[in-house]
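K.L.:
Residue numbering for the sequence shown follows my numbering, beginning at 821 and increasing consecutively.
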Amino acid sequence: MESAIKLNIESDFNQKLSEERAKFQLEAESLKQEESKKLAQILNEKEYQIKELNKSKEKISLLEKQKNDELLKVQAEFEKILSEKLRIEKLKTQEETKQKIIQETQEQFDDLQKELTQKSQQVQELHKSKIEIERLKREKEEMESAIMAKAEVTLNEQLKIEKAKIKKIVEEQNELKLKEKEKQLDDQKRLIEEMKRKAEQGSMQLQGEIQELAIEEWLSSQFRFDTITEVKKGAFGADCIQSVHTREAQNCGIICYESKNTKTWSGDWISKLKENMLRVKADIGVIVSAVYPKDMDRMGFVDGIWVCNLEEFKGSVSLLRESVIRTHKLTAKEENKADKSVLLYNYLSGNEFGMQMKSIVMNASQLKIDLDKEKKAFIKIWKQREKMIEGMINSIGAIEGDLVGISGNKLSLSHAFELPYSEE
821 MESAIKLNIE
831 SDFNQKLSEE
841 RAKFQLEAES
851 LKQEESKKLA
861 QILNEKEYQI
871 KELNKSKEKI
881 SLLEKQKNDE
891 LLKVQAEFEK
901 ILSEKLRIEK
911 LKTQEETKQK
921 IIQETQEQFD
931 DLQKELTQKS
941 QQVQELHKSK
951 IEIERLKREK
961 EEMESAIMAK
971 AEVTLNEQLK
981 IEKAKIKKIV
991 EEQNELKLKE
1001 KEKQLDDQKR
1011 LIEEMKRKAE
1021 QGSMQLQGEI
1031 QELAIEEWLS
1041 SQFRFDTITE
1051 VKKGAFGADC
1061 IQSVHTREAQ
1071 NCGIICYESK
1081 NTKTWSGDWI
1091 SKLKENMLRV
1101 KADIGVIVSA
1111 VYPKDMDRMG
1121 FVDGIWVCNL
1131 EEFKGSVSLL
1141 RESVIRTHKL
1151 TAKEENKADK
1161 SVLLYNYLSG
1171 NEFGMQMKSI
1181 VMNASQLKID
1191 LDKEKKAFIK
1201 IWKQREKMIE
1211 GMINSIGAIE
1221 GDLVGISGNK
1231 LSLSHAFELP
1241 YSEE
C-alpha cells in the first residue's frame, strides 16, 4: 500500500514536472519565435517590439514567480512526502532512504535549475535584443538626422539658386522700371524743353534787348575811352556802335554790332549789317548771335562780317578793336606823306569802297533775280526795286561825294554806275 502511494506520488510529481517542463519549453519556443519575428520587423515595428519586450519581461517575471511558487509547493510536497516516506520506511535504513530521496530530489532540483538557467538565458537574449533594438533605433535617428542634414543642405543650395533667379528677375524688372523711368524723364525733359522753347519764343524780343544791353554795358566797362552809342528801337541801323578812341588819337574807327538772340540763322543779317555799316562808315561789322550759319560751329568771318556768340564776343572784341587802331595809325602815317592821288588810290583800294561796290553788285544781282522770278507780282517787285534803286543811288551818291571831295570836283562816276533803261 505504501509502495503504491509512493509510486502514485512520484508518478504525479514526475507528470507535473514534465508538464511544467513542456510548458516551459513551449513558452520558450514561443518566445523565441516571437522574438525572431520581432527582430525581422525591427525597423518597421520598433515601438511594438519594445512593448512586446516589456510584456515578455513581465511574463518571464510572472513565470519566475510561478516557478518559484511551484518550487516552493513542490518542496513543501516533497517534504511532506519525505516525511511520509520516512515515517513509512522508518524500518529501513533511514540513511539509505534519505540519501535516495535526497538524490531524487536533487535531480529534480537540478532539472528545475536548468530550466531556470534557460529562462535566464532567454531573459539575457531578450536584453540583448532590447539593446540591439536601441542601437537600431539610434542608427535610425542618426540616419534620419543625416538625411535631414543632407536635405537641409540641398534645400539651402536650391534656395540659393532660387534666390539668384529671383534676384535676376527683380533686377531685370528694376532695369525695365528704370528704363521706363528714364523714358518718362526724357519725355519730361522734352516737354520742359518744348515749354522752355515756347517761352523763349514768347519772350524773344525781351531776350534780344537783354543781350543788346549786356553788349553795351560790357563794352562801356571794358573800353572807357570809346564811345558806345545805343541805336534806339525802331530806328534804322545796327543795335550798337562803338567809336574807338585812345589816349593819343580820336576817331580811330567804328565797329558796328548787331545782336541776334534767335533759334535760327538768317542770311539777310549779313547784307543788312553791311548796309548799316555803310551808313555809319564802320570799319568792322560784328553779329553776336546765339546760333551760327549752317557750315559754322565756332566764331569766324562770314562774307566779311565777324560772327560769334556772346562769350566769344568778349574774347574777340579786344583783337578787333586793336586791328582798327593799328589800321588807323598806318593810315595816319600815309596821309602825312601822300598827295590826293595816293589818297584816292587808297580809298579805291580800301575796305569802304570795296564794301560799297559789293553792296551795289549784290543789290543789282538781287534785282535781276527778283525780276526773273516775280514778273507777275508787279506791285511787290516795284516796291522792292524802288528800295534797291534807292540803296544803289545812295551808295553811288556817297561814292561820288567822296571822289568829288578828294579830287576837287574833277572826277565823277555817276555815269559809270547808271543802269541801262529797258522797255521790257
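Glycine residues also receive a C-beta, built at the ideal position from the N, C-alpha and C atoms.
Cβ-heavy atom distance between Glu1131 and the ligand GDP below 7 Å?
P.N.:
The ligand content of the structure shown is nil, which means the ligand GDP is not present either.
K.L.:
Throw me the rounded Cβ distance for the Val1100 and Ile1074 pair, which I believe falls under 8 Å.
P.N.:
Yes, they are in contact, since the Cβ atoms of Val1100 and Ile1074 sit about 6 Å apart, within 8 Å.
K.L.:
Over what stretch of residues does the alpha helix (DSSP H) that includes Ser1091 continue unbroken?
P.N.:
Here the alpha helix (DSSP H) through Ser1091 covers 1088-1100.
K.L.:
Please name the residue, chosen from Asp889, Lys887, Ile922, that lies closest to Lys903 on a Cα-to-Cα basis.
P.N.:
First, the residue type needs correcting, since residue 903 is Ser and not Lys in the sequence shown. That would be Ile922, whose Cα lies nearest to the Cα of Ser903.
K.L.:
Once DSSP output is grouped into helix, strand and coil, what is the label at Phe1043?
P.N.:
Here Phe1043 sits in coil by DSSP.
K.L.:
Go to Gly1124, then tell me how far its beta strand (DSSP E) extends in each direction, as first and last residue.
P.N.:
It is not in any beta strand (DSSP E) - Gly1124 carries neither H nor E in the DSSP assignment.
K.L.:
For Lys1080, which option in Lys1092, Gln1070, Cys1072 has the closest C-alpha, if you only look at C-alpha atoms?
P.N.:
Checking every option, the nearest Cα to that of Lys1080 belongs to Lys1092.
K.L.:
Going by other Cβ atoms of all chains shown within 10 Å of its Cβ, with 16 needed for buried, is Gln941 buried or exposed?
P.N.:
It counts as exposed.
K.L.:
Give the DSSP-derived three-state secondary structure of Glu954 in the structure shown.
P.N.:
If DSSP states are grouped into helix, strand and coil, Glu954 belongs with the helices.
K.L.:
Label Asp962 either buried or exposed according to how many other C-beta atoms from any shown protein chain fall within 10 Å of its C-beta, with 16 as the threshold for buried.
P.N.:
In the sequence on display, residue 962 carries Glu and not Asp. Exposed, by the Cβ-count rule.
K.L.:
In angstroms with no decimal places, state the Cα-to-Cα distance between Lys950 and Lys985.
P.N.:
Approximately 51 Å between the Cα atoms of the pair.
K.L.:
Is DSSP giving Gln928 helix, strand or coil here?
P.N.:
Residue state, collapsed to three classes: helix.
K.L.:
Hey, out of Gly1120, Ile880, Val1137, whose CA is closest to Glu945's CA?
P.N.:
Minimum Cα distance to Glu945 is reached at Ile880.
K.L.:
When you compare only the Cα positions, how much space is there between Lys1153 and Ser1215?
P.N.:
The alpha-carbon atoms of Lys1153 and Ser1215 are separated by roughly 28 Å.
K.L.:
Near Ser876, what residues of its chain come up, given a Cβ to Cβ distance below 8 Å and the 5 sequence neighbours on each side ignored?
P.N.:
Within the same chain, Ser876 has close Cβ partners Leu851, Glu854, Glu855, Leu946.
K.L.:
What separation, rounded to the nearest whole angstrom, lies between the Cα atoms of Leu1005 and Tyr1077?
P.N.:
Each residue's Cα considered, the two are about 40 Å apart.
K.L.:
Looking at the secondary structure, which residues open and close the beta strand (DSSP E) in which Glu1078 lies?
P.N.:
Segment 1073-1080, the beta strand (DSSP E) holding Glu1078.
K.L.:
Going by beta carbon distance, what residues of the same chain come within less than 8 Å of Leu936, once the five residues before and after it are set aside?
P.N.:
Taken in chain order, the residues that qualify are Glu884, Lys887.
K.L.:
In three-state terms, what does DSSP make of Val1137?
P.N.:
Residue state, collapsed to three classes: helix.
K.L.:
What number of angstroms, rounded off, separates the C-alpha of Met1208 from the C-alpha of Ala1058?
P.N.:
Cα to Cα, Met1208 sits roughly 19 Å from Ala1058.
K.L.:
My understanding is that Ile1030 touches Ser1040, with C-beta atoms under 8 Å, so please give their C-beta distance in whole angstroms.
P.N.:
About 16 Å; that fails the 8 Å criterion.
K.L.:
Val1106 and Met1116 - do their beta-carbons sit closer together than 8 Å?
P.N.:
No; because the gap between Cβ atoms is not below 8 Å, this pair is not in contact.
K.L.:
Excluding five sequence neighbours on each side, which residues of the same chain lie with their C-beta closer than 8 Å to the C-beta of Glu839?
P.N.:
Taken in chain order, the list of residues that qualify is empty.
K.L.:
Could you give the distance in angstroms between the alpha-carbon of Phe929 and the alpha-carbon of Gln861?
P.N.:
Spanning the two alpha carbons is a distance of roughly 38 Å.
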